[in-house]
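Notes to accompany the following structure.
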Amino acid sequence: MNLRNLFQDFNPSKFLVFSCLLLFSFLFALRLDNTIEWSYWVIFLPIWIWKIVVMAGAGVGSYIWWKNPQYRMEGNGYVQYKAMVICTGLHLLLLMFEILACDNLETEHHSWILVFIPLMFMSVVSIGICVWAVKNERSFEMELFCSVNILQFIFLSLRLDKVIQWSWVIVFIPIWILMCTAMIGVLYAIILAIILIKSPDIIPQQRRGNISSAIGYSLMVVPLLVFEVLLANRLDGWFGIRKDFCQFLLGICPLLQEYGNISYTIHKDNNFTVESRPPPPDKADRLPHKKYIHDEQPKPIVPVISIETPD
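For the sequence shown, position 286 matches number 286 in full-length UniProt numbering, and the numbering has no gaps at all.
In structure tokens form, the structure reads like this:
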């Protein structure tokens, strides 16, 4: 294996972001399951490391920019510096949301609508940033993600504050639409990669790049879709059924119960004890009992004698 070709398109910034998100997701899942009892400020430590690196990089970049005026004479020097400033501002808004979310998880002193305000503002600003990035040929993955999920952020904040009582499947409708679009893009990338493999006019480097893109998009979108389905299952209970799945299955298919001749019940272990009351006495129990003496000695058998009366 050629390591030079392997790390040719290596992106250190994305590697840092995804590594921090992976570690944070693992710790957050353990905390929600009460496997660990750490403070949420410790659970968010990978997120804090990510933001510290971003702020340090922005500070070093600004210092070099102001100390070296010759960099401003380059053709796209101003565009690159503006992109760095815009990205830093978005990360500051994201950091504000993360601090409020962590504090609310720890103390529950704020409403979730207040917590999501920086994220909503970031989503609105990201729409204009996406337009600017397209004109200046800059990447805008995070900006695009925030701008298309503005409605999802609103639904989440309202649902967490119980302003709306919708099921979580309905709350996740914006992200279902987004994931359907992403799956269409994945299928397009896979089909394009298959077509280019059979094409003799494509150079091997371009063919390898298309295959890598198709595999990368598939490995990113499919696990994310599975996670969202499992999350909706966890929050809503079999997508709004709100009963055990076996009971639901036997209810819609009574032939299964008749065929197996079974009766399905769920044992619920309640913490409180219910005092058992004796059943009301029957009417027969309230009547006075009569004592009967049974003589169990055998009695002689006498034949029947017909007595004729005289005329």
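Every residue, glycine too, gets a C-beta built ideally from N, C-alpha and C.
Delimiting residues of the alpha helix (DSSP H) encompassing residue i
i: F28; result: 12-32
i: W166; result: Taken as a continuous stretch (DSSP letters only), W166 belongs to no alpha helix (DSSP H), as it is neither H nor E.
i: G128; result: 112-135
i: S157; result: 150-160
Pick from the options that is closest to residue i, judged by C-alpha positions
i: I43; options: T181, G59, F24, I64; result: F24
i: I113; options: L94, W132, F155; result: F155
i: Y188; options: L94, A214, T35; result: A214
i: F28; options: V17, V53, L105, Q80; result: L105
i: M142; options: N136, A232, S123, R159; result: S123
i: residue 313; options: V171, G185, Q205, I202; result: In the structure displayed, the chain extends from 1 to 311; residue 313 sits before or after that span and is not available.
i: W168; options: L30, I117, L235, S218; result: L235
i: I86; options: I64, I127, N68; result: I127
i: F18; options: V115, P46, M183; result: P46
i: Y78; options: F116, V125, R138; result: R138
i: K135; options: N76, F116, I173; result: N76
i: G185; options: V54, I173, G216; result: G216
i: L22; options: L231, L230, G251, M220; result: M220
i: V222; options: G59, T181, K51, A58; result: T181
Contacting residues, own chain, Cβ-Cβ under 7 angstroms from residue i (five flanking each side not counted)
i: N210; result: L192, A193, L196
i: D311; result: Per-residue confidence for D311 stands at a pLDDT of 47, beneath the threshold of 50, marking its modelled position as unreliable; no derived number is given.
i: P288; result: Any reading at P288 must be qualified, since the residue scores a pLDDT of 48, below 50, and its modelled position is unreliable; the value itself is stated next. Closer than 7 angstroms at the Cβ level, and outside the excluded window around P288, lies no residue.
i: G61; result: M84
i: K14; result: none
i: W65; result: Y71, Y81
i: I49; result: C20
Contacting residues, own chain, Cβ-Cβ under 6 angstroms from residue i (five flanking each side not counted)
i: M120; result: F153
i: S111; result: D161
i: L225; result: M179
i: L158; result: I164
i: L32; result: none
i: residue 312; result: Residue 312 lies beyond the range of the chain shown here (1 to 311); nothing can be said about it.
Own chain, CB closer than 8 angstroms to residue i, minus 5 neighbours either side, in chain order
i: W41; result: C102, E106
i: I175; result: N149, Q152, E228
i: P118; result: L93, L94, M96, F97, L100
i: L144; result: S126, C130
i: V115; result: F97, L100, A101, N104, S157
Going along the chain, which unbroken runs of the alpha helix (DSSP H) with 4 or more residues stay wholly within the segment 193-223?
none
Minimum length 4: unbroken alpha helix (DSSP H) runs contained in the segment 28-94
40-43, 45-67
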